[in-house]
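Everything on this sheet refers to the single structure shown next.
In this note's numbering, the protein residues as written are 923 to 1089.
Okay, structure coming up:
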């Protein structure tokens, strides 16, 4: 495994732009809530640590990972946001359901990125078992929510930078 004994959430805070003037949406699946709410906690705290104001973080819950894309689309259409973080967890089972959900969410978030003028961040854990999910939601491999928040800040900053080129 490529991630063995690695904390993938480690980063240099000095290389992260300020999120002070940014507004974020977080859509989180309530399926596998022990995992997804840990991802939410990591994302939320990371945004705050980098200057985002609590009032500038909109959090909405959806039933499962499949609903992440529509929840994110609702956020994009009804709120003025700089980036939207999509958090969920799908754990391999005995059927192909895992494959269909993972592929659908991946495709859906990609489509949202292409069709809206804001970043949608992929924070979906796709693990073989609960142990791997725990390791990636605050365990030995870090917290994918933290990584998603850092990505959201960096992509929102990139967009603002590009918009300034037009002026």
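Built from N, CA and C at the ideal position, the CB exists for glycine as well.
For residue 1049, the nearest candidate out of 1024, 1041, 955 (CA to CA): 1024
At a Cβ threshold of 8 Å, is residue 1049 touching chain B? Absence of chain B from the displayed structure is noted, only one protein chain being present.
For a minimum of 3 consecutive residues, which ranges assigned as the beta strand (DSSP E) are wholly contained in the segment 927-982? 946-951
Looking at C-alpha atoms only, which residue of 989, 966, 985, 947 is the closest neighbour of residue 998? 947
Residues in its own chain within less than 7 Å of residue 986 by CB, not counting five upstream and five downstream? 951, 953
DSSP state of residue 1051 mapped onto helix, strand, coil: coil
Boundaries (first-last residue) of the beta strand (DSSP E) holding residue 1009: 1005-1013
Which one of 1022, 937, 1066, 1072 has the shortest CA to CA distance from residue 957? 1066
Rounded to whole angstroms, what is the Cα-Cα separation between residue 1017 and residue 1056? 22 Å
Nearest candidate by alpha-carbon position, reference residue 967, set 934, 1071, 942: 1071
Taking C-alpha atoms, which residue in 1064, 1074, 1063 lies nearest to residue 1044? 1074
Where the beta strand (DSSP E) containing residue 1060 begins and where it ends: 1059-1061
Assign residue 1032 to buried or exposed, taking buried as 16 or more other Cβ atoms, counted over all protein chains shown, within 10 Å of its Cβ. exposed
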